[in-house]
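Report on the structure given below.
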Amino acid sequence: MNALTKVKLINELNEREAALGVREAVSWHAEYKDSAWVFVGGLPYELTEGDIICVFSQYGEIVNINLVRDKKTGKSKGFCFVCYEDQRSTILAVDNFNGIKIKGRTIRVDHVANYRPPKDNDDIDNVTKALRERGCGAKTPPPTSSDSSEDEVPVQRHKVEHN
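Under our numbering, residues 5 to 167 are what the sequence shown spells out, in order.
And the structure:
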C-alpha cells in the first residue's frame, strides 16, 4: 500500500472515531497502549535529529530518537522512530502529525507495536549503545505514597481576633 494511502486511511479512521465519540479504551490507538514509539516516514532528507525533536516535542517529552541513516554515506533515509516519555503523547502525535507537510513533503506518523533497537551494535561505542537501548530522557521518579507523613509541612494556625 502506498504511503499516502496509509496517511489518508489513518486520518479517515481518526475522523470516524471522533465523529462517533469512541471511548479511548476501544479506540484503535488502544492496541498500542504498551508502546511509546512512533514511526515517522516521508521526512525531508536534510532534517536532523534536533529538527525532528523540535517538531515532535510539541506533544510530549521525547526520550529517544532513531533517525535511520545510510551506513556508508551517513545521510538520512527519510524515516525515523521517536519514543515519548508518556505513551499518551503517541496518540497526539499520530492524530495531529500524520499527513502534515514538512518542507513540502507529506509525512506519515503511525504507532509502533514492538520497536527493536538497531542491531549494528558491533562497531559502536558503549555510550551510543546504551543511549539506543535506554534512551536519553530523564528517568521518571517512582510515585510517592500518599499516606507518608514525611513530606507534610506543619501548618501554623493563628487566632484572628474580630473587633
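Glycine is no exception: its CB is placed at the ideal position from the N, C-alpha and C atoms. No experiment lies behind these values; they were computed from the predicted model shown.
Can you name, in chain order, every residue of its own chain whose Cβ lies under 7 Å from the Cβ of residue i, other than the five neighbours on each side?
i: SER93; result: TYR63 and GLY64
i: LEU71; result: GLU53, ILE56, SER80 and CYS84
i: GLY46; result: ALA7, GLY82, ARG109, THR110, ILE111 and ARG112
i: ASN18; result: ASP99
Need the endpoints of the alpha helix (DSSP H) that residue i sits in, please.
i: LYS10; result: 7-24
i: LEU96; result: 92-101
i: ILE104; result: It is not in any alpha helix (DSSP H) - ILE104 carries neither H nor E in the DSSP assignment.
i: VAL59; result: 53-60
Who are the near neighbours of residue i in its chain, counting only those whose CB is closer than 6 Å to its CB and skipping five residues on each side?
i: TRP41; result: PHE85, CYS87, VAL116 and TYR119
i: HIS33; result: ILE95
Look at residue i and residue j and say whether their C-beta atoms are less than 8 Å apart.
i: ASN102; j: VAL11; result: yes
Sort out for me which residues DSSP pairs residue i with in a bridge.
i: HIS115; result: VAL42
i: THR110; result: LYS105
Alpha carbons only, please: which of the options is nearest the one belonging to residue i?
i: GLU35; options: ASP114, GLU50 and TYR49; result: ASP114
i: GLU16; options: ASN100, GLY78 and PRO122; result: ASN100
i: VAL59; options: ALA97, ASN18, ASP38 and ASP74; result: ALA97
i: LYS105; options: ASP90, THR77 and VAL44; result: VAL44
i: GLU89; options: ILE66, THR77 and LYS75; result: ILE66
i: LEU51; options: ASN68, ARG73 and GLN91; result: ARG73
i: GLY78; options: SER61, ASN68, TYR49 and ALA23; result: TYR49
Would you mind reading off the limits of the beta strand (DSSP E) that contains residue i?
i: GLY82; result: 80-88
i: MET72; result: Note that residue 72 corresponds to Val in the displayed sequence, not to Met. VAL72 -> beta strand (DSSP E) spans 66-73.
Which residues in the same chain have their Cβ closer than 8 Å to the Cβ of residue i, if we skip the five residues on either side of it in sequence?
i: SER39; result: GLN91, THR94, HIS115, VAL116, ALA117, ASN118 and TYR119
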